[in-house]
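In the working numbering, the protein residues as written are 38 to 490. Ideal placement from N, C-alpha and C gives every residue a C-beta, glycine not left out. Source: prediction; values computed, not measured. Report on one structure; see the data block that follows.
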């Protein structure tokens, strides 16, 4: 997930969640307060009614009518029942609201159980045991808090509106802040993505008013500077060493060829041919290193249309002189192909070195003296070249290091080499925007597949 989206998600979700919790708590507290306040009003109404009944017993009939007239607008949809000590009904308000469970409430009311609270379909029902003037009464009140529910609904709608408004504002602010925070990092990442070794990026281009981002920017530019210095040292070192070796090796090969023009006793001619081939191979490696150093330095390397099959045929012919008993089997997929599909734009020197290293591996690691080369042109957008040979495969654990410098697997014990061949191959293929992959079957078959766009 992008940093900008992560900031947006974390900040907005945290604030919105806290807002939702806070508003929900406010709503629940007000709902509880409404319920307690309404029940308190019911208690006060019951107590007032009982006091009047106890004080004016002889006027009970007229009092009942008078009390109903005075309190008819106290509650919306209300029913009040007052019972004497024998639980006989002595007062009933004029409302027609039924109390279905009145007997059950009366049964539960006692000196030990002085109050019962019940909610039924939005109505508040309260039963009270009340003592007055050496006697006691039982009272039941059922009423609907229309005014309280109206305020509660208004509060709910208001809180929902506030929540939606705050959420929209928080998302907008989060988006603004996430962009402000991530923009310098994104710009820095883009600069790093466009960075090429040898570039001198402008340090002041990403100055911000945030200490941490400025510090990160400063350290990145220090790192890039050290990278440039290290690469320059490496490039110049390789360049100088290659140049210093190129001339002596060329002279050595020339001298060996001059000696080979004379008749030599025994198998010295064959050994001399091997040394000449090895010397030329070493010269090719040096030329490859020089070409790679030019590419990495940003210099243009000469490229041309190269026929892959012709280059492979040429290399196979050269290896056949040194290893006449080894057989290469070349196949085309499909058999009838357009010859123009066999051409790629590449540096012939570099590509030759890459194929030469893989063919040398086939010879070194094949256990039956044969190897297969498949040139696959089936895909209209890709050219694939597979090199395969039977023999001990590279283990799953070793495959992770196969293209690392100086790595040599268990199957290379007793064989010559320095662990640089496949590293050069991968570097060359990458420079041509291609890929190289290794696979094995039944731990007995090695396959290297090169793909060119």
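Where does the unbroken alpha helix (DSSP H) through residue i begin, and where does it stop?
i           : result
residue 164 : Looking at the DSSP string, residue 164 is not in any alpha helix (DSSP H); the run it does join, the beta strand (DSSP E), is 160–169.
residue 144 : 139–145
residue 393 : 385–402
residue 339 : Element bounds for residue 339: n/a, residue is neither H nor E.
residue 349 : 345–359
Where do the ends of the beta strand (DSSP E) carrying residue i lie?
i           : result
residue 128 : 126–129
residue 413 : 407–413
residue 149 : Note, residue 149: premise wrong, no beta strand (DSSP E); not H, not E.
residue 174 : 172–181
residue 488 : 482–489
Verify whether the separation of the beta carbon atoms of residue i and residue j is less than 8 Å.
i           : j           : result
residue 142 : residue 154 : no
residue 400 : residue 440 : no
residue 53  : residue 202 : no
residue 182 : residue 161 : yes
residue 370 : residue 412 : yes
residue 368 : residue 403 : no
residue 381 : residue 489 : yes
residue 133 : residue 115 : no
residue 468 : residue 422 : no
residue 10  : residue 419 : Any answer about residue 10 is impossible in this case: the structure gives the chain only from 38 up to 490.
residue 122 : residue 177 : no
residue 83  : residue 62  : no
residue 187 : residue 128 : no
residue 286 : residue 319 : yes
residue 79  : residue 180 : yes
residue 366 : residue 410 : yes
residue 481 : residue 408 : no
Give me, in chain order, the residues of the same chain whose beta-carbon lies closer than 8 Å to that of residue i; leave out the 5 immediate sequence neighbours on both sides.
i           : result
residue 124 : 143, 175
residue 362 : 406
residue 88  : 169
residue 109 : Bear in mind that a pLDDT of 47 at residue 109, under 50, signals an unreliable position, so the number given afterwards is only what the model happens to contain. Within the same chain, residue 109 has close Cβ partners 131.
residue 145 : 153, 164
residue 314 : 355, 358, 359
Residue i by DSSP, collapsed to three states: which one?
i           : result
residue 430 : coil
residue 374 : coil
residue 475 : strand
residue 418 : coil
residue 423 : strand
residue 202 : helix
residue 136 : coil
residue 440 : coil
residue 114 : strand
residue 369 : strand
residue 382 : strand
residue 363 : coil
residue 210 : helix
residue 122 : coil
residue 107 : In this prediction, residue 107 scores a pLDDT of 48, lower than 50, which makes its location untrustworthy; the coordinate-derived value is nonetheless stated afterwards. Looking at residue 107 - three-state DSSP - the assignment turns out to be helix.
residue 454 : Unreliable positioning characterises residue 454 in this predicted model, as indicated by a pLDDT of 45, which lies under 50. A coordinate reading is not provided.
Please go through the same chain and pick out, in chain order, the residues whose beta-carbon is closer than 7 Å to the beta-carbon of residue i, but skip the five residues on each side of it.
i           : result
residue 81  : none
residue 67  : 189, 192
residue 317 : 290
residue 218 : 44
residue 262 : none
Under 6 Å Cβ to Cβ from residue i, same chain only, skipping five residues before and after it: list those, please.
i           : result
residue 184 : none
residue 470 : 490
residue 152 : 165
residue 451 : Legend: pLDDT at residue 451 = 48, less than 50; position of this residue unreliable, value from coordinates given subsequently. There are no such residues.
residue 173 : 122
residue 454 : Since pLDDT at residue 454 reaches only 45, below the 50 mark, its modelled position is unreliable, and no value is offered.
residue 107 : Only weak support exists for where residue 107 lies, its pLDDT of 48 falling under 50; the value from the coordinates is given anyway. Closer than 6 Å at Cβ, skipping near neighbours: no residue.
residue 215 : 41, 44, 45
Exercise. Taking three-plus beta-carbon pairs below 8 Å as touching, is the region 387–404 in contact with the region 354–370?
Worked result: yes
Exercise. Quick one: any contact between the region 204–219 and the region 45–53, if contact means 3 or more CB pairs under 8 Å?
Worked result: yes
Exercise. Should the region 255–265 be called in touch with the region 64–72, which here means at least 3 C-beta pairs below 8 Å?
Worked result: no
Exercise. Does the region 337–347 touch the region 384–395, meaning 3 or more C-beta pairs lie closer than 8 Å?
Worked result: yes
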